[in-house]
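Taking the working numbering, the leading residue of the sequence shown gets 191, the next gets one more, and so forth. Using N, Cα and C, we set each Cβ at its ideal position, and we do this for glycine too. Just so you know, these numbers come straight off a predicted model, no measurement behind them.
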Amino acid sequence: MELLERIQYIMKLNNLTPSAFADKIEVPRSSISHLLSGRNKPSLEFVQKVIYAFPKISADWLLYGETKTNDTPFHESTNQREEKTPSPTPLNIETGSKKIKKIVVFYEDNTFEEFINN
């Protein structure tokens, strides 16, 4: 099953039309249309929005179609996101006039973590 098929599966499982799915993950409806027609491929931002909108879905399953042993594509946890490590202490690094907005760290086990500067 490809990523697009897994997205369609999520839509079917939740009884969502492409328009309703787009509204739920907060993307333009045309984005879903382009994905479903094969014109575009999902971006990292798109995948992140799906994971945030459907927190019970395993990121490994969504991205790779894989789950850990004895795992299902859906987490049994609540809507709260689990933090694996404590938030890092902010560093004051001079970057000129630019400020860091977001850092995404990708791990070898195909997971990722996002740090957002408020």
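Anyone know if the C-beta pair for residue i and residue j falls short of 7 Å?
| i | j | result |
| --- | --- | --- |
| I222 | P208 | yes |
| I215 | V240 | yes |
| F296 | F302 | yes |
| A210 | R219 | no |
For the putative contact between residue i and residue j, defined by C-beta atoms under 8 Å, what is the C-beta separation to the nearest angstrom?
| i | j | result |
| --- | --- | --- |
| L234 | L193 | About 12 Å; that fails the 8 Å criterion. |
| N307 | K289 | 7 Å |
| N200 | F244 | The question names Asn, yet the displayed sequence has Ile at residue 200. Contact holds; Cβ gap of about 6 Å. |
| P232 | L225 | 6 Å |
Any idea what DSSP makes of residue i, helix, strand or coil?
| i | result |
| --- | --- |
| E298 | coil |
| I290 | coil |
| F305 | strand |
| P232 | coil |
Taking 6 Å as the cut-off, does the CB of residue i come closer than this to any heavy atom belonging to the ligand GDP?
| i | result |
| --- | --- |
| T207 | No copy of the ligand GDP occurs in the structure displayed, which carries no ligand at all. |
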